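Report on the following structure.
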Amino acid sequence: MGLQDKRRFAFFHKKSHVFFAVSILSTVLFFVVCSLWKTGSIGILDYLVLGNKDEWEFADFYRHIGYGSDLSRVYETSPDACFPPLSYLFFHFLYLLNPVQAEAVDWRAFRDAPYGRLSYLFCMMLLVLLFSYAAHRVAGMTEKTGLLLSILLLSSAPFFTAIERGNPVFLTMILLLYALWWKESDNRYLREAALVLIAIAAGFKILPALYGLLYVREKRWKEAGRLLLYGILLFFVPFLLTGGREGFFSYIRLLLDSHYQADFMREWSSVRGFGYRMLSQRAPLGEGQIERCGMVMENFFLLCSIAGVFVSKKKWMQVLWMT
68 MGLQDKRRFA FFHKKSHVFF AVSILSTVLF FVVCSLWKTG SIGILDYLVL
118 GNKDEWEFAD FYRHIGYGSD LSRVYETSPD ACFPPLSYLF FHFLYLLNPV
168 QAEAVDWRAF RDAPYGRLSY LFCMMLLVLL FSYAAHRVAG MTEKTGLLLS
218 ILLLSSAPFF TAIERGNPVF LTMILLLYAL WWKESDNRYL REAALVLIAI
268 AAGFKILPAL YGLLYVREKR WKEAGRLLLY GILLFFVPFL LTGGREGFFS
318 YIRLLLDSHY QADFMREWSS VRGFGYRMLS QRAPLGEGQI ERCGMVMENF
368 FLLCSIAGVF VSKKKWMQVL WMT
């Protein structure tokens, strides 16, 4: 290692120390402020989960197990069955591990069933381990530094909310972490596995399909073409088990349902929702105008993210734009 390389490493090392020091102090300060400002029954955990309230804990996990319990009727059970069909093959597998009586219609029946919470605990333990293992490798950190980074991230409100809600976004993010790690591997099988992982992630949440732009950005056309093929197969083939043609059109109608979208745009944990909450409190606008402004903000953010992938030269910045 030359003198210039050593200086660069030392500079990065110092910056990483500053980053972790600021992150730790911010986390501690967050908990202190929440403790001092809490009122009535509102505690720290209420702030961490963005006010979702405990009666909805793990709702996204158990509700979708319920929707996926009968694959033939997934998109007929509820307008909240909003994930692509590949997600419901996964949730159906979880249902088969611990089946609940067919007459159970409330998602809490799946949560409160024997071993119900244990299944979620096991899944989350596995995901946290996989996340910690991959995070420091993607970021190029040592194991100890990666562990510290994992603890800090898991202590933040967005991560804590995802865990409390039981949303598959955490699983999707881990799939993408491993894809980014294997994407640059010298092993061609791991590089191909990275394509499959991105396609699976897109089959769970759709938006990870944007990670295909990284291959376009690097002019890896053949891999981008295979990724597109994997994505199409993993999106459309599962519809054969989830209602077929009618299931597909039911899903499309759900995505286009303005009332369904309006409910979600009021949540703090989205770009549209943040804009809606801020404008509704501070701007003298009508309900329809606020909703349209929120939609504009969301799409503007998406376009900026896509542009950022092509403008940024550093890989970590490209990944940040896609996250």
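Numbering (my numbering), first residue to last: 68 to 390. Using N, Cα and C, we set each Cβ at its ideal position, and we do this for glycine too. Because the structure is a prediction, the values reported are computed rather than measured.
Compute the Euclidean distance between the alpha carbons of TRP288 and TYR297, then round it to the nearest angstrom. If you take the alpha carbons of TRP288 and TYR297, they lie about 14 angstroms apart.
Handout entry: Which of helix, strand or coil DSSP assigns to ARG140
Key = For ARG140, the secondary structure class from DSSP, reduced to helix, strand or coil, is helix.
Legend entry - Minimum C-alpha distance to LEU244 - residue among SER372, LEU194, LEU138: Per the Cα distances, LEU194.
Under the three-state DSSP convention, the category GLU290 falls into = Reduced to three states, the DSSP call for GLU290 is helix.
* Would you call the region 274-292 and the region 360-367 in contact, with 3 or more CB pairs under 8 angstroms? -> Verdict: no, contact absent.
**Q.** Simplified DSSP assignment, three categories, for PHE125
**A.** In this structure, PHE125 counts as coil in the three-state DSSP scheme.
### Message
Given this structure, state the Cα-to-Cα distance separating LEU138 from VAL95, to the nearest angstrom.
### Response
Between LEU138 and VAL95, the C-alpha separation is close to 45 angstroms.
_If we require 4 or more residues per run, which alpha helix (DSSP H) segments fall completely within the region 144-206?_
Annotation note: the region 144-206 contains the following uninterrupted alpha helix (DSSP H) runs of length 4 or greater, listed N- to C-terminal: 152-164, 174-178, 183-206.
Q. Between VAL205 and LEU247, is the Cβ-Cβ spacing less than 8 angstroms?
A. In this structure, VAL205 places its C-beta atom within 8 angstroms of the C-beta atom of LEU247.
**Asked** Is the beta carbon of LEU301 sitting closer than 8 angstroms to the one on LEU153?
**Response** Taking the C-beta atoms as reference points, LEU153 is found nearer than 8 angstroms to LEU301.
| Rounded straight-line distance, which links the Cα of PHE128 to that of PHE377 | The C-alpha of PHE377 lies about 35 angstroms from the C-alpha of PHE128.
Residue nearest to ILE319 in terms of C-alpha spacing, selected from ASP147, GLU259, SER222, MET240:
Closest option to ILE319, Cα to Cα, is ASP147.
Notebook entry, point to check: Would a C-beta distance cut-off of 8 angstroms place GLY241 and LEU197 closer than the cut-off?
Noted result: Contrary to the premise, residue 241 reads as Ile rather than Gly in this sequence. It is a contact, given that the beta carbons lie within the stated cut-off.
### Task
Rank ILE132, GLY233, GLN356, ILE373 by C-alpha distance to the C-alpha of LEU188 and give the top, closest one.
It is GLY233 whose Cα lies nearest to the Cα of LEU188.
Check your understanding: Considering only the beta carbon of each residue, do ALA291 and TYR282 sit closer than 8 angstroms?
Key -> Contact: yes.
Provide the residue span of the alpha helix (DSSP H) that contains THR212, from first to last. Looking at the DSSP string, the run of the alpha helix (DSSP H) that includes THR212 is 210-221.
| query | Does DSSP put GLY19 in a helix, a strand or coil? | reply | Because residue 19 is not part of the residues shown, which for the chain are 68 to 390, the question remains open.
Status (buried if at least 16 other CB within 10 Å, exposed otherwise) for GLU231 = Buried, because 16 or more other Cβ atoms sit within 10 Å of the Cβ of GLU231.
message = Tell me the residue span of the alpha helix (DSSP H) that contains GLU259.
response = Run containing GLU259: 255-272, per the alpha helix (DSSP H) assignment.
Neighbourhood of ALA261 by C-beta distance below 7 angstroms, restricted to the same chain and skipping five residues each side
Close CB contacts of ALA261 within its chain, under the 7 angstroms cut and outside five residues either way in sequence, are with ALA246, TRP249, LYS250 (chain order).
(message) Quick check on GLU231: does DSSP put it in helix, strand or coil?
(response) Here GLU231 sits in helix by DSSP.
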